[in-house]
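All remarks here apply to the structure that follows.
Here it is in structure tokens:
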């Protein structure tokens, strides 16, 4: 289970599998990384209000993308990581629609069309 440290450690949990790895945390305590779904690894976003969310659940289905890991998050909530588009592994940039810390996150919904342009 991923943990974050600073003033201590906190178990962030997992998705549907047995493990998770935290890769980065921002000043708002939003954490990103990757977690086991029982069918492989997927990128996650963890926030105090909502817990761990699979970033793949926040993009429209049938886009051809699978977000494998999130490697960093800045204080604006922009997330970078690696995933697959079709059968090609590539980097992605996920832009938040809203920076709200109290409403459910919609992190990459806007990005679905932009991922093709922003893929490296």
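In my numbering, the protein residues as written are 40 to 159.
Using N, Cα and C, we set each Cβ at its ideal position, and we do this for glycine too.
- In the displayed model, residue 75 falls within a strand according to three-state DSSP.
- Distances from the CA of residue 85 to each of 61, 117 and 56 were compared; the closest alpha carbon is that of 61.
- Put simply, of 113, 76 and 117 the residue whose alpha carbon is nearest the alpha carbon of residue 105 is 76.
- For residue 85, the enclosing beta strand (DSSP E) starts and ends at 80–86.
- With contacts defined by Cβ atoms closer than 8 Å, residue 65 and residue 114 form a contacting pair.
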